[in-house]
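Position one of the sequence shown corresponds to residue 36 (the numbering used here), numbered consecutively onward. Note that the Cβ used here is the ideal one computed from N, Cα and C, for glycine as well. Some notes on the structure that comes next.
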Amino acid sequence: MPKHSIFTMAFAKVYPMYVQKAERKGRTKEEVDQIICWLTGYDKAGLHRQIEQQNDFQTFFAEAPAIHPNSSLIKGVVCGVRVEDIDDPLMQKIRHLDKLIDELAKGKAMEKILRP
């Protein structure tokens, strides 16, 4: 099966879109970073190193220090697909991140986005 094009897309190309989506709804870049760090285990320096290195999504998630154990609690629909029903582990991680950014943009409280 061929790789999905998002797998080879540079995370650095999508990151500004996450920030723009959040900022259009009155949220901040810092909140976007907090969500990404919560999900992946990167610290801020590690996150920004990934962006500077222009790593693709596959590398970004492969090098993530630790996917948060509560990421399995992320449920809902992104792009018409239920994230909990996605079979491909990498695609599911990408959609988990999309879902968290969507929740931020919709005004959900950070305490609820970052599942305890």
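Q: Pull up the distance between the alpha-carbon of L125 and that of A99, whole angstroms please.
A: 12 Å
Q.
Is it buried or exposed, K60, if we count other Cβ atoms within 10 angstroms and call 16 or more buried?
A. exposed
Q: Give the DSSP-derived three-state secondary structure of M36 in the structure shown.
A: Note that M36 scores a pLDDT of 48, beneath 50, so its modelled location is shaky; the value from the coordinates is reported in the next line. In the structure shown, M36 sits in coil (DSSP, three-state: anything other than H, G, I, E or B).
Q: May I have the straight-line CA-CA distance separating M36 from D122, to the nearest angstrom?
A: Confidence at M36 is low in this model, with a pLDDT of 48, below 50, so the placement of that residue should be treated as unreliable; the coordinate-derived value is given next. In a straight line, the C-alpha of M36 is about 13 Å away from that of D122.
Q) Which value, in whole angstroms, describes the spacing of the CA atoms of M145 and H39? A) The straight-line gap from Cα to Cα measures roughly 30 Å.
Q) For R117, does the three-state DSSP call read helix, strand or coil? A) strand
Q | Expected contact under 8 Å - CB spacing of I136 and Y53 to nearest Å | A | 5 Å
Q. Taking the C-alpha atoms as reference points, what is the distance between S106 and Q69?
A. 14 Å
Q) DSSP state of A101, grouped into three classes? A) coil
**Q.** Top-ranked residue by Cα proximity to K128, from P151, A101, K147, A140
**A.** A101
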